[in-house]
Amino acid sequence: MSTERPVPAVPSGRSAPATDGRRSAAAARRRAREQEIIAATRRLFDLRGVRDAQIEDIASAVGINRAIVYRHFSGKEEIFALTLVSYLEELREALATAAPVGADARTRLEALVTAFVDYGLAHPAFVDCAQALMRRTGSELLDEISESALFRLGRGISSCLSLLAAALEHGVESGEFRVDNPALLANTLYASGLGALQLARLGILVEEAAPGVPTVGQISPDQVRHYLVTSALALATHPPA
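Here you go:
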């Protein structure tokens, strides 16, 4: 004969244990605090630039001490990564809005590149933050940023690049573009675009007036925008052999 006792049934309508409610409330508070820290970091980035934003400044802006910041994030690089995600979410909206519905591939690509440049010019801290993370190796990022943060960062970047890749794929299908690997070209345009945006901010063009004699000229954001659009169309229509 079995000695096991039957497990009493839980009456229908009984509320969940109080511990579940406390856990949900604690998780909500944690998410709210994380968003508060990221928002404060974003404000500091926009105000001072990426290099001048320190953990102490971020904590002070939120009204907490730096130890609490480290309870929510593994370090400065993770805060930077998740702050970049907030920029990327805005960038994706700007790209999606800019791409004309039903337009030909060339028009779509030109609109997307233009929107990217305009967003970068309006948000220089986005460019700094993106480049700061791109200078890290993959292994360094894995050591310094949690998997969940890396996933969110990857999703933010890919959501923007997917719009660009889709325009390139559309051009291949319509015969307007000759691109073997739209994803690779989209990534290349993104990376080179970040560098060109730095050039637009600097406004200085270095040339050689004579062999071994450098000279400095000026370059405007409009010139950089035109160059990036022209380069993107050239790479899409006449890819290198």
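Residue numbering for the sequence shown follows the numbering used here, beginning at -13 and increasing consecutively. Virtual Cβ for every residue (Gly too), placed ideally from N, Cα, C.
Query: For ALA186, the first and last residue of its enclosing alpha helix (DSSP H); Result: 168 to 188
Query: Given ALA222 as reference, the closest of GLU194, VAL165 and ALA91 once Cα atoms are compared; Result: VAL165
Query: Exposure label - ALA82; buried when at least 16 CB within 10 Å; Result: exposed
Query: Cutoff 7 angstroms; reference LEU188; Cβ partners in own chain excluding five residues on either side; Result: none
Query: Nearest candidate by alpha-carbon position, reference THR27, set SER60, ARG57 and ALA67; Result: ALA67
Query: The region 196 to 214 contacting the region 131 to 140, beta-carbon criterion three pairs below 8 angstroms; Result: no
Query: Given LEU70 as reference, the closest of GLN21, GLY142, SER125 and ARG37 once Cα atoms are compared; Result: GLY142
Query: Environment of ILE23 [buried if 16+ CB atoms lie within 10 Å]; Result: buried
Query: Distance, ARG57 Cα to VAL(-4) Cα; Result: Caution applies to VAL(-4), whose pLDDT of 49 falls short of 50 and renders its modelled position unreliable; the value that the coordinates give is listed next. Those two C-alpha atoms are separated by around 37 angstroms.
Query: Cβ neighbour criterion (16 or more within 10 Å) applied to GLY106; Result: buried
Query: VAL(-4) (DSSP reduced to helix, strand or coil); Result: Because the pLDDT of VAL(-4) is 49, which lies under 50, any placement of that residue in the model is unreliable, and the question is left without a value.
Query: Check whether LEU98 and LEU150 have beta carbons under 8 angstroms apart; Result: yes
Query: Proximity to GLN184 [Cα-Cα], best of PRO86, GLU42, LEU175 and VAL210; Result: VAL210
Query: Cβ neighbour criterion (16 or more within 10 Å) applied to ASP114; Result: buried
Query: Contacting residues, own chain, Cβ-Cβ under 8 angstroms from ALA169 (five flanking each side not counted); Result: LEU147 and ALA151
Query: Outcome for ARG52 when other beta-carbon atoms lying within 10 angstroms are tallied against a minimum of 16; Result: exposed
Query: Euclidean distance between Cα positions of GLY124 and TYR176; Result: 18 angstroms
Query: Assigned secondary structure, GLN204 (DSSP; H/G/I helix, E/B strand, else coil); Result: strand
Query: First through last residue of the alpha helix (DSSP H) which encompasses THR123; Result: Per DSSP, THR123 belongs to no alpha helix (DSSP H) and is neither H nor E.
Query: For ALA111 and ARG34, the rounded distance between their alpha carbons; Result: 9 angstroms
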